[in-house]
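Structure first, commentary second.
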Amino acid sequence: MRRTLAALFVVFASSLTALALESVPTGEYHARRVALSAQLNGGAALIFAADEAALDFDPYRQDEDFYYLTGWNEPGAALVIEAPAANNGKYREILFLPTRNLRLEKYTGIKLDAATPGATQRAGVDEVRPITELPAELDRITVGDSTHNLNPTAARLYAALDEPHTTAALDMLSASLGSHLPPAKDVRPLVMQLRMTKSPAELALLRKAGDASIATHRALFQAIKPGLSERSISGLIDYKLKENGCERPSYASIVGSGPNSTTLHYSANSRTMQDGDLVVIDAAGEYSMYASDITRTYPVNGHFTPRQREIYDIVLGAQNAARKAFVAGKSYMGGTLMRERNDPHNLDKVAFDYINSHGKDLHGEPLGKYFIHGLGHSVGIGVHDPYDYSKPFLPGSVFTIEPGIYIPEEGIGVRIEDVVYVDANGKLIDFQDSLPHTADEVETAMKPVH
Ligand SMILES: [Mn+2]
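Here is the structure:
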């Protein structure tokens, strides 16, 4: 029987490959796991793959930390990493895979399991075992702790505690292991420390996500017209992203025209765009699990009014001020709560000050109060990638710079957002260099091509 299944797997292997995501080198996943093991205080980490979405129209998306550590894109798996101190002085890693369910595979396609020939090599993990053996392994790890009385005050088990499937799995395990299973500590902050710095291979995937998203915005320059619905633009975004190799948009596309341009996360996309409107389009794709995040603000009829252009120029000026102020190893995102902190390295404050000292609203008031969100966020596997914002940006940091001004009274909302990274020399590089930034560039790109 097993032999038959293996043969079947070989037959269908090509269809699996066709769906495969582009990956960083396999050795890089291994190096990440080893790096995580050094943060475990001599203990072990347990991370579960995301559950398969059942009876749901969303395609599967792997748990981000699990993907970061394995590149494994299938549900039902678990990863155990043991620091050398937890395993007789020897680093250990085990990928636990669910047993294949042939009935379910009729719906969800062929999967790999621990019995599949070459499973270890394909997974790139030192050991691959059936997930039915996970309780016994955890028993060994945690019982070993109390028996040998190693490091009794340090938590020995780290797990991803914020996921419903993880807490359920831990409950099940503690039910089967009884008091042997100690309360786990959260592994996510430890993985975050690794994810904060992107490798060259990750930067290459982030650039591909950016390129696909640039191609998408380029199509929008020519498509936006008065009388067209926001939703048809949102559909075009989906199409162009996927045409350019993305699995999906990296977040729900925002197409906010006229009054909707002042709603930050507007996503109903149900209005018909009118002559004279601005439309804020915050849309980008995910390429092999890596996100892009781009916003451009377009005049629906192809021409900014003088007032729209004035606000546009101030937002762009704020973005440029933040770029100019950037110093690797010093600059950070203070967020909206630290706008009072007078520090040239607080990029949020730099952008806020620029907006607040340029232009006025209809009542002669400065515009700072209309910049109502933070200046930016880290980007990686997550579009809001985990980052310790108390830390400055270093080589390998990837983040957005996205100032905005939203004046409901005037029906004017402008946001300009680019993803940038810090190169090895500490220089800020814009993934969207080739996409129009200035009002003139936007108008030129929107000119009908005959
Ligand atoms: Mn963003």
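Each residue of the sequence shown is one higher than the one before, starting from 0 at the first, in numbering that gives the first Met the number 0.
Where is the CB? At the ideal position from N, CA and C, for every residue including glycine.
| message | At a cut-off of 6 Å, would you count aspartate 347 as near ligand 1, judging by its Cβ distance to the nearest heavy atom? | response | Incorrect: aspartate 347 has no Cβ contact closer than 6 Å to ligand 1.
| query | By how many angstroms is the C-alpha of leucine 240 removed from the C-alpha of tyrosine 289? | reply | About 13 Å.
| task | Taking only runs that begin and end inside the segment 287-324, name each unbroken beta strand (DSSP E) of 3 or more residues, in chain order. | result | Entirely contained in the segment 287-324, the beta strand (DSSP E) runs reaching 3 residues are, in chain order, 294-298.
| message | For a test of the three-state rule: what should DSSP assign to isoleucine 93, helix, strand or coil? | response | When secondary structure is reduced to three states using DSSP, isoleucine 93 falls in the strand class.
| query | If histidine 376 sits next to phenylalanine 398, beta carbons under 8 Å apart, how far is it from one beta carbon to the other, in whole angstroms? | reply | That pair is a contact at about 6 Å.
| said: If I measure Cβ to Cβ from aspartate 292 and keep anything under 7 Å in the same chain, skipping five residues before and after, which residues do I get? | reply: Correct list, in chain order: Ser249, Ala283, Val378, Val382, Thr399, Glu416, Val418.
| Would the beta-carbon of glutamate 401 be found less than 6 Å away from any heavy atom of ligand 1? | True, at least one ligand heavy atom lies under 6 Å from that Cβ.
| field | glycine 381 (DSSP reduced to helix, strand or coil) | value | Assignment of glycine 381 by DSSP, reduced to helix, strand and coil, places it in the coil class.
| field | Straight-line Cα distance separating glutamate 126 from proline 116 | value | The straight-line gap separating the alpha-carbon atoms of proline 116 and glutamate 126 is approximately 13 Å.
| task | Within its chain, find whatever has a CB closer than 6 Å to the CB of serine 36; leave out the 5 residues flanking it on each side and keep chain order. | result | Cβ within range, chain order: Ile80, Ala82, Tyr90.
| said: By the three-class DSSP mapping on this structure, what secondary structure does arginine 450 have? | reply: Given that the chain is displayed from residue 0 to residue 449, the structure contains no residue 450 and the question cannot be resolved.
| query | Taking Cβ positions, are arginine 128 and aspartate 112 nearer each other than 7 Å? | reply | Against a cut-off of 7 Å, the Cβ pair of aspartate 112 and arginine 128 comes out as no contact.
| field | Any non-hydrogen atom of ligand 1 within 6 Å of aspartate 237 CB | value | Result no, Cβ not under 6 Å from ligand 1.
| message | For a test of the three-state rule: what should DSSP assign to asparagine 345, helix, strand or coil? | response | Looking at asparagine 345 - three-state DSSP - the assignment turns out to be strand.
| query | Residues bridged to leucine 277 by DSSP? | reply | In the DSSP secondary-structure assignment, leucine 277 is bridged to Pro298.
| Enumerated in chain order, which unbroken segments of the beta strand (DSSP E) with a length of 3 residues or greater are wholly contained in the segment 217-285? | Counting whole runs of 3 or more residues, the segment 217-285 contains the beta strand (DSSP E) stretches 253-256, 277-281.
| request: Give the DSSP-derived three-state secondary structure of glycine 414 in the structure shown. | output: Before going on, a small fix: residue 414 reads as arginine here, not glycine. In the structure shown, arginine 414 sits in a strand (DSSP, three-state: E or B).
| message | Measuring only the C-alpha atoms, how far is valine 190 from alanine 321? | response | Distance between the alpha carbons of valine 190 and alanine 321 is about 29 Å.
| query | Short check: CB of leucine 204 to CB of serine 287, under 7 Å? | reply | Taking 7 Å as the Cβ cut-off, leucine 204 and serine 287 qualify as a contacting pair.
| field | Nearest neighbour of phenylalanine 351, chosen from Glu364, Thr335, Ala222 [CA to CA] | value | Among Glu364, Thr335, Ala222, the Cα nearest to that of phenylalanine 351 is on Thr335.
| query | Would the beta-carbon of alanine 77 fall within 7 Å of that of leucine 137? | reply | The criterion of a C-beta distance shorter than 7 Å is not satisfied by alanine 77 and leucine 137.
| said: For the beta strand (DSSP E) containing proline 83, name the first residue and the last one. | reply: No beta strand (DSSP E) contains proline 83, which DSSP labels as neither H nor E.
| task | For the segment 393-446, list the alpha helix (DSSP H) runs that are entirely contained and at least 4 residues long, ordered along the chain. | result | Runs found: 438-445.
| said: Taking a contact to mean a Cβ-Cβ separation below 7 Å, would you say glycine 412 touches serine 231 in this structure? | reply: Not a contact, by the Cβ cut-off of 7 Å.
| Residues bridged to lysine 184 (per DSSP) | Answer by DSSP bridge pairing, in chain order: Tyr157.
| said: Taking only three categories from DSSP, how would you classify glutamate 364? | reply: Here glutamate 364 sits in coil by DSSP.
| message | Please report the distance separating the alpha-carbon of lysine 359 from that of proline 365. | response | Each residue's alpha carbon lies about 5 Å from the other.
| Length of the line joining the Cα atoms of leucine 101 and glutamate 51 | Going from the Cα of leucine 101 to the Cα of glutamate 51 covers about 15 Å.
| Taking the alpha carbon of alanine 438 as the point to measure from, which residue in Tyr106, Tyr67, Asp281, Leu277 has its own alpha carbon closest? | Out of Tyr106, Tyr67, Asp281, Leu277, Leu277 has the C-alpha closest to the C-alpha of alanine 438.
| Nearest CA to the CA of leucine 434: which residue from Met332, Leu263, Tyr297, Ile380? | If we check each option's Cα against that of leucine 434, Tyr297 comes out closest.
| task | Please indicate yes or no: does the CB of aspartate 292 lie closer than 6 Å to some heavy atom of ligand 1? | result | It does: the Cβ of aspartate 292 is within 6 Å (strictly closer) of some heavy atom of ligand 1.
| Taking Cβ positions, are serine 122 and leucine 103 nearer each other than 7 Å? | It is alanine, not serine, that sits at residue 122 in the sequence shown. If you check the CB distance, alanine 122 and leucine 103 do not come in under 7 Å.
| query | Hey, would you say glycine 395 sits closer than 7 Å to lysine 197, going by beta carbons? | reply | Yes, the Cβ-Cβ distance between glycine 395 and lysine 197 is below 7 Å.
| Of the choices Val441, Phe370, Asn86, whose alpha-carbon is the least far from that of valine 299? | Answer by Cα proximity: Val441.
| Name the DSSP bridge partner or partners of arginine 121? | In the DSSP secondary-structure assignment, arginine 121 is not bridged to any residue.
| query | If you drop the 5 nearest sequence neighbours on each side, which residues of the same chain put their C-beta closer than 8 Å to that of alanine 218? | reply | Closer than 8 Å at the Cβ level, and outside the excluded window around alanine 218, lie Leu235, Lys239.
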